Amino acid sequence: MNKFWRKNKGRKVFSLEEIRVRELVERSEEVWDEEVVQRLLTYLKDLPTDMLQVLELRFFEDKDFREIAFILDITESGAKMRTYRALDKLRQHFNLKVKYHE
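Next comes the structure, spelled out in structure tokens:
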């Protein structure tokens, strides 16, 4: 499996399928309306590959940062930083969207 990850490192091999995002939303304690779910799906599709990779591994495959670092051949702190940057980018999109709807 690790050979697969490293072999395809430069290619976009991650794809957050809508059904997987919806499963994650359903596990959440918060109630999400359909518009928010659709915006989330749109923003996820626009993320750079490296950010999409860490989100996929962290939240959909429940990998810890050490495992993510090993799979992506980066440091553990690099895995944490990519994850936090990806989440921050999503937060920024949602905050901007909320401001425009007020």
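Position 87, counted from 1, in the sequence shown is what numbering that gives the first Met the number 0 calls 86; the numbers after and before it change by one each time, with no gaps.
Just so you know, even glycine gets a beta-carbon here, dropped at the ideal spot from N, CA and C.
Note that the structure is a prediction, hence the values are computed from the model and not measured.
- In this model, V35 and D45 are separated by some 15 Å (Cα to Cα).
- Across the set Q37, Q91, A78 and F93, the C-alpha of A78 shows the shortest separation from the C-alpha of F58.
- Residue ranges of uninterrupted alpha helix (DSSP H) with 4 or more members, entirely inside the stretch 62 to 100 and ordered along the chain, are 64 to 71 and 75 to 100.
- For the pair I73 and R81, the CB atoms are nearer than the 9 Å cut-off.
- Taking the CA atoms as reference points, P47 sits about 11 Å from R84.
- E75 sits close to F64, with the two beta carbons spaced by under 9 Å.
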